[in-house]
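*Asks:*
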Amino acid sequence: EVEDALGALVQSSPERFPMGLGTIAERMGDVRYGAAVEGDEVTPAERERLLRALADAPLLEGRLISRDRTLTVVALLLDERVEDHLVMQDTVEHIDEWLEAHPPPSGVNVHRGGLPHLFNSIVVKMAHDNFRIVPLTLLVCLVLLYLSFRWVPGTFLPVVAVGLSAIMVIGAMALAGETMNVINNIIPPLLIIIGVSDSIHLIGRYREELDHASSKMEAARNTVRAMAVACFLTSITTAVGLASLVVSQTAMLQRFGVIAGIGVLIAYVVTIGFLPPAMTLFAPPLPPRERKRITLRRKRAKDEGPRADRGLLERAIVVLTAKILRRPWPFIVGAALLMAAFSWMAVRVTVDSALLDEFDEEDEAVVSTLLLEEKLEGVRPLEIMLESDDPARFRDPEVVAAIDETQAWLREQDGVLGTVSMSDYLHETWARIAGDEEARTERFASEAQVAALLTLFGRVEPNPLSSFLTEDGQVARIQVRLADIGAARSIVVIDALR
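So this note's numbering is basically just the index in the sequence shown, starting at one, shifted up by 63.
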């Protein structure tokens with residue numbers, strides 16, 4: 064079979080093989096397919112052999128080793144088990160631990176990169192964010208609640224309510240098998256903020272009802288009667304607004320909208336059911352004597368009393384409202400001009416997202432990714448899959464030429480770092496057998512020539528073409544490497560490719 068394949072190659076270009084198969088034997092006699100280095104120690108002979116191989120290795124340059132020979136990669140191929148984020152995290156961390164325990168030789172720096180490492184870094188950062196953002200959000204709420212009410216129960220009870228709501232929602236997410244991602248990671252602080260807003264309304268109303276009710280329980284009942292519907296309307300409109308994301312074309316946004324919408328309603332039920340009765344278990348916000356003094360003062364001066372009780376913000380709002388009512392048109396015109404300006408700017412907002420947007424510029428993930436883009440072909444793949452019911456279709460020289468033309472066009476596009484396909488391997492092998500550099504760029508002459516080259520590849524284990532052509536010959540692949548140019552520019556390339 065191998066002899067027939069070599070004979071077909073000789074017949075495809077007889078002038079390059081004056082002695083027939085003997086010419087191939089002379090050219091390829093010292094070629095060996097296999098590992099250049101055996102074991103962990105590199106002998107001087109192996110080093111020289113490796114350097115000779117790398118001196119003329121266009122399929123390796125830009126992929127496994129940089130053209131200036133200052134960067135090389137150890138490329139790991141991970142199986143489908145890493146689709147489970149816990150397995151991926153364990154794998155990446157295990158590799159990182161090994162690298163820490165085995166430092167490189169002097170003068171060599173190690174950078175960890177690639178999509179699994181980037182994704183794991185995002186997961187780790189999200190976990191750290193939850194441990195930092197949620198406590199900070201609660202702390203800010205505690206401070207604002209205390210400054211607003213100067214009442215210890217009114218400070219801590221709302222935090223308990225929103226904490227219960229967040230725990231219930233996150234528990235339901237775990238029960239449904241929903242994982243935390245870069246979008247729904249904001250659900251806990253979102254529920255805290257929305258829940259505290261309802262709590263502020265309830266506590267404020269409860270304080271007002273205490274001036275008129277005969278007991279704390281009656282004040283709590285009056286608070287629920289007065290505020291339940293109003294808070295429900297604000298919660299339901301918020302929930303519906305979030306749930307409207309279900310029409311999004313992004314599955315992640317759809318799930319976020321549904322979870323956040325349900326979470327808002329849960330927060331409402333917990334807040335309205337927990338906070339009013341819980342407040343009755345504690346002393347009122349003001350001592351009875353102080354409340355009586357304020358009530359008597361309001362009765363003696365119905366007009367002056369409320370003004371005296373107004374805070375700085377309320378007084379400022381009253382003054383501003385009075386000015387607007389006296390001279391409304393300047394404010395209306397000014398607001399209209401501002402809206403026009405902001406509307407003009409809003410339609411020019413760029414819709415885009417890049418992989419490295421998740422990281423700080425000094426982050427190791429950014430440094431390693433940019434280094435891979437500068438020296439090699441980056442980490443972002445774009446896959447082009449070609450299918451045919453005819454197992455011989457990808458042996459057709461016209462089909463191989465079409466793959467070559469596609470790759471040549473792609474290499475000229477903005478943001479494309481490189482491409483590779485079975486055609487690159489076929490051309491490189493043919494150029495070495497033919498002993499002619501020009502053979503690397505010429506079109507194949509016949510189907511027999513392509514089939515012969517595929518036969519030669521099929522005789523070695525592992526077959527280098529197995530990543531680019533299936534064993535049955537019905538599916539081929541072109542792998543494109545993109546820089547982290549963002550989704551918008553990537554879509555431009557993809558649309559032009561179509």
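Ideal placement from N, C-alpha and C gives every residue a C-beta, glycine not left out.
Tell me the start and end of each unbroken alpha helix (DSSP H) in the segment 413–478 that is at least 4 residues and wholly inside, in chain order.
*Replies:* 427–438 and 460–474
*Asks:* Let me know the alpha helix (DSSP H) ranges lying completely inside the segment 146–228, each 4 residues or longer, listed in chain order.
*Replies:* 148–164 and 178–212
*Asks:* If I'm right that N291 touches S228 with Cβ under 8 angstroms, what's the distance once you round it to whole angstroms?
*Replies:* For the record, residue 291 in the displayed sequence is Ala; it is not Asn. Rounded, the Cβ-Cβ distance is 16 angstroms, inconsistent with contact.
*Asks:* Do the CB positions of V206 and G258 come within less than 7 angstroms of each other?
*Replies:* No, Cβ-Cβ distance for V206 and G258 is not below 7 angstroms.
*Asks:* Compare the C-alpha of E78 against each of A502, A550 and G240 and name the closest.
*Replies:* A502
*Asks:* Which same chain residues end up closer than 8 angstroms to I554 when comparing Cβ atoms and leaving out the 5 residues on each side of it in sequence?
*Replies:* none
*Asks:* How about R270 and P348: are their beta carbons less than 7 angstroms apart?
*Replies:* yes
*Asks:* By the three-class DSSP mapping on this structure, what secondary structure does R288 have?
*Replies:* helix
*Asks:* Is the segment 83–100 close to the segment 439–453, with three or more CB pairs under 8 angstroms?
*Replies:* Contact fails: fewer than three Cβ-Cβ distances are below 8 angstroms.
*Asks:* Using the C-alpha atoms, what's the distance from R540 back to E163?
*Replies:* 36 angstroms
*Asks:* Consult DSSP for L388 and reduce its assignment to one of helix, strand or coil.
*Replies:* helix
*Asks:* Can you say whether S278 is buried or exposed, counting buried as having 16 or more other CB atoms within 10 angstroms of its CB?
*Replies:* Residue burial is scored here from C-beta neighbours: S278 has fewer than 16 other C-beta atoms within 10 angstroms and is therefore classed as exposed.
*Asks:* Give, in chain order, every unbroken run of the alpha helix (DSSP H) that is at least 4 residues long and sits entirely within the segment 229–273.
*Replies:* At a cut-off of 4 residues, the continuous stretches assigned as alpha helix (DSSP H) that sit fully inside the segment 229–273 are 250–273.
*Asks:* Could you pull the DSSP bridge partners for S484 from this structure?
*Replies:* I541
*Asks:* Where P107 and L113 are concerned, what is the direct C-alpha to C-alpha distance, given to the nearest angstrom?
*Replies:* 10 angstroms
*Asks:* Find out if the Cβ-Cβ distance for the pair G176, G481 is shorter than 7 angstroms.
*Replies:* no
*Asks:* What residue does the alpha helix (DSSP H) around L316 start on, and which one ends it?
*Replies:* A314 to M342
*Asks:* Per the DSSP calculation, I128 is bridged to which residue(s)?
*Replies:* E124 and T135
*Asks:* Quick one: what's L532 bridged to in DSSP?
*Replies:* Under DSSP, the beta-bridge partners assigned to L532 are A539.
*Asks:* Please list the terminal residues of the continuous alpha helix (DSSP H) segment that includes D142.
*Replies:* No residue range can be given for D142, since it is assigned to no alpha helix (DSSP H) and is classified by DSSP as neither H nor E.
*Asks:* Using a Cβ-Cβ cutoff of less than 7 angstroms, which residues in the same chain neighbour L316 once the five nearest sequence positions on both sides are dropped?
*Replies:* I246 and L308
*Asks:* Quick one: what does DSSP say T301 is sitting in, helix, strand or coil?
*Replies:* Of the three classes helix, strand and coil, the one that applies to T301 here is helix, per DSSP.
*Asks:* How would you call Y488, buried or exposed, if buried means at least 16 neighbouring beta carbons within 10 angstroms?
*Replies:* Around the Cβ of Y488, a 10 Å sphere holds 16 or more other Cβ atoms; the residue is buried.
*Asks:* So what does DSSP say about E510, is it helix, strand or coil?
*Replies:* helix
*Asks:* Would you mind sorting T200 into buried or exposed? The rule is 16 or more other CB atoms within 10 Å of its CB.
*Replies:* buried
*Asks:* Could you work out which residue in A515, S486, D142 and H180 is closest to T504 when comparing CA atoms only?
*Replies:* S486
*Asks:* Just checking, does the segment 506–514 make contact with the segment 458–477 on the three C-beta pairs under 8 angstroms criterion?
*Replies:* yes
*Asks:* Helix, strand or coil for A98, going by three-state DSSP, please let me know.
*Replies:* coil
*Asks:* DSSP state of T504, grouped into three classes?
*Replies:* coil
*Asks:* Look at the Cβ atom of L516, then the Cβ atom of T533, and state whether they are nearer than 7 angstroms.
*Replies:* It is not a contact, given that the beta carbons lie outside the stated cut-off.
*Asks:* Would you be able to state if there are at least three C-beta pairs under 8 angstroms between the segment 155–169 and the segment 125–135?
*Replies:* Verdict: no, contact absent.
*Asks:* Out of curiosity, what's the CA-to-CA distance linking A68 and V523?
*Replies:* 14 angstroms
*Asks:* Check each candidate in V310, D547 and S530 and name the one with the smallest Cα separation from L433.
*Replies:* D547
*Asks:* Under a three-way DSSP split, which group does A276 fall into?
*Replies:* coil
*Asks:* Quick check: is the beta carbon of P198 nearer than 7 angstroms to any beta carbon in chain B?
*Replies:* Structure shown: chain B not included; a single protein chain is present.
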